[in-house]
Structures are given as structure tokens and as C-alpha cells.
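Counting in my numbering, the sequence shown runs from 993 upward without gaps. Idealized CB from N, CA, C, for every residue including glycine. Remember, predicted model here, so these are calculated numbers, not experimental data. Here is the structure we will look at, set down as C-alpha cells.
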Amino acid sequence: MVLALLFTLAISWLSAILGLFVKSLEAAQWTGFVVIFPLTFASSAFVPTDTMPKALRFFAENQSLTHVINAMRAWLVVTIWKFDLVGVYLVHRYYCYSNACCNVDIQTSGELGYS
């Protein structure tokens, strides 16, 4: 998550610096669009780089956006997978303990005179 925040901060500062060099608001918007648009679509954001042509693959694998996207994707997959395992474990333990307690109560209720 920190990686995404730092990358966003870097891109916003880059956009701010580019905005200082242009004369109008429309030019600042188009300058940012011209820089970000090719980087987004020539990265691994939408398709794996293995399926790209050789020249595009070389460009896509050696740009910063691809590395950030791959790192965030790996972090999210591992994090979600860990939470899934913890969730399954907790539900399983709750189910086992609640049934074990119910079984003990049912078995001992006759012995203790609660029936």
C-alpha cells in the first residue's frame, strides 16, 4: 500500500512540474494525458507482458508502472490469500468449539439434574 502511495505522489509531482512549463490549463491536462496514457496501456496493467510483441514487451517490462503494478498485484494476492486462510480457520474453530460445547452440555445436562 505504501508503494502505491509513493508512486502516486511521484506521478503527481511529475504532473505538477509539467504543469509549470505550459501556458494554459488545457495544455497541462493534455501534457499529463500524453505522458500517462502510453505508460498505462503499454504495461502489465491489462494484459501480461508475455503476450505482447517483442518491442512492446521490452518497453513494457522496463518501465516503472509495470513494476509497481506487478508488486501491488503480488501483494494483494498474497494478502487476500492469507486472510482467506485465517477466515476459514476461524470459522472452522468456531464451528468445532460451538458444537463441542453443545455436545458437552447435552451429555452432562442429564447428569447434573437439569432435564
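Residue from the options with nearest C-alpha to residue i
{"i": "V1027", "options": "I1003, L998, K1015 and V1070", "result": "I1003"}
{"i": "L995", "options": "R1085, A1063, A1052 and G1011", "result": "A1063"}
{"i": "V1060", "options": "A1037, P1045, K1046 and A1047", "result": "A1037"}
Chain-order list of residues whose beta-carbon lies under 6 Å from that of residue i (same chain, five-residue window excluded)
{"i": "L1057", "result": "L1031 and S1035"}
{"i": "L997", "result": "none"}
{"i": "A1020", "result": "G1011 and V1014"}
{"i": "T1041", "result": "R1049, A1052 and E1053"}
For residue i, the first and last residue of its enclosing alpha helix (DSSP H)
{"i": "S1026", "result": "Per the sequence shown, the amino acid found at residue 1026 is Val instead of Ser. Segment L1017 to F1033, the alpha helix (DSSP H) holding V1026."}
{"i": "F946", "result": "For the chain, the structure presents residues 993 to 1107; residue 946 sits outside this window and is missing."}
{"i": "V994", "result": "V994 to F1013"}
Buried/exposed call for residue i, threshold 16 Cβ in 10 Å
{"i": "V1039", "result": "exposed"}
{"i": "A1008", "result": "exposed"}
{"i": "I1098", "result": "The predicted position of I1098 is uncertain, since its pLDDT is 48 and thus under 50; a value taken from the coordinates is nonetheless stated next. Result: exposed."}
{"i": "A1066", "result": "exposed"}
{"i": "V1083", "result": "exposed"}
{"i": "L1001", "result": "exposed"}
{"i": "M993", "result": "exposed"}
{"i": "V1070", "result": "exposed"}
Own chain residues within Cβ distance below 7 Å of residue i, not counting five before or after
{"i": "F1051", "result": "A1034"}
Neighbourhood of residue i by C-beta distance below 8 Å, restricted to the same chain and skipping five residues each side
{"i": "Q1055", "result": "L1031, A1034 and S1035"}
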